[in-house]
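Notes to accompany the following structure.
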Amino acid sequence: MPQQTNAHHLDRRARTIVESLNGTWRQNKGMCCCPAHDDRTPSLSVTLGRKAILFHCFAGCSNEEVIAALDRLGVRNCDLFDGSSAVAADRQEKSAFNSNARRLWHSATAIPGTPAEVYLAQRGVLRASDQLRYLQRTPLGPRGAVQFLPAMLAAVTTDVGVIAVHRTFLDSGSGRLAGFERPKRALGSLG
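Here the numbering used here is used: position 107 in the sequence shown is 322, and no number is missing along the way.
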């Protein structure tokens with residue numbers, strides 16, 4: 216099957232998964248409710264990789280948990296891949312990944328005892344993934360107008376490490392989402 220046809224089928228499958236989980240799909244990526252936990256607001260990122268549909272649950276579910284939950288919903292594991300046996304393209308070098316995202320990730324601390332722990336508990340997540348961290352002074356905004364605000368960080372990784380972070384800005388007093396438009400934002404390339 217030609218590469219373009221494989222990509223088209225993969226895109227269609229990913230869109231169907233996202234829409235069936237009450238999500239939205241735009242330009243090769245989507246956000247939907249995670250089937251691996253009781254999710255009222257979308258926390259599952261779905262993107263197209265070179266040869267597979269990729270998942271990242273910002274609430275902390277592992278890929279194994281997400282894929283097992285999808286299987287219970289009738290999505291077969293083989294439907295998550297393009298079926299191509301071609302050798303994957305060379306991996307991008309680490310230097311090509313977003314250095315700001317890596318810097319933030321390495322500056323952040325573990326979740327226990329932070330407003331992020333309160334935020335997760337309010338959402339029913341009592342065990343934080345090691346892919347989640349907290350940073351009290353997380354930059355937001357363009358150069359010259361940067362604000363530093365508390366945020367929970369979720370690592371977006373490949374086999375070479377952190378390539379992006381998803382920032383969930385929080386009100387440090389209440390542990391709730393920050394009170395401004397779009398308090399959830401990504402930094403770096405998500406796929």
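Glycine is no exception: its CB is placed at the ideal position from the N, C-alpha and C atoms. Remember, predicted model here, so these are calculated numbers, not experimental data.
Taking the beta carbon of Ser260 as the centre, do at least 16 other beta carbons fall within 10 Å, making it buried, or is it exposed? buried
Looking only at C-alpha atoms, which of Met367, Ala393, Ser314 and Ala229 sits nearest to Leu263? Ala229
Tell me whether the segment 279-289 and the segment 239-256 touch, counting them as touching only if at least three CB pairs, one residue from each stretch, are closer than 8 Å. yes
Which residues mark the beginning and the end of the beta strand (DSSP E) in which His271 is found? Ile268 to Cys272
Looking at C-alpha atoms only, which residue of Pro327, Met367, Phe395 and Gly339 is the closest neighbour of Asp253? Gly339
Within 10 angstroms of its Cβ, does Pro357 collect 16 or more other Cβ (buried), or is it exposed? exposed
Three-state secondary structure (DSSP) at Arg397? coil
Counting pairs of Cβ atoms below 8 Å between the segment 385-392 and the segment 311-330, do you hit three or more? yes
Enclosing beta strand (DSSP E) for Gln351 [first to last residue]: Leu347 to Leu355
Please classify Ala366: does DSSP put it in a helix, a strand, or coil? strand
Check whether the Cβ of Ser389 lies closer than 8 Å to any Cβ atom in chain C. Chain labels in this structure do not include chain C; a single protein chain is all it has.
Measure the alpha-carbon distance for Asp345 versus Ala370 and round it to whole angstroms. 9 Å
In whole angstroms, what is the alpha-carbon distance linking Leu402 and Ser314? 10 Å
Provide the residue(s) that pair with Thr383 in DSSP beta bridges, ordered along the chain. Met367 and Lys399
Taking all protein chains shown into account, decide if Ser404 is buried (16 or more other Cβ within 10 angstroms of its Cβ) or exposed. exposed
Which stretch, first to last residue, makes up the beta strand (DSSP E) that contains Ser207? Since the first residue of the chain shown is 216 and the last is 406, residue 207 is not available in this structure.
Thinking Ala325 and Arg348 are a contact (beta carbons under 8 Å), I'd like their distance in whole angstroms, please. 6 Å
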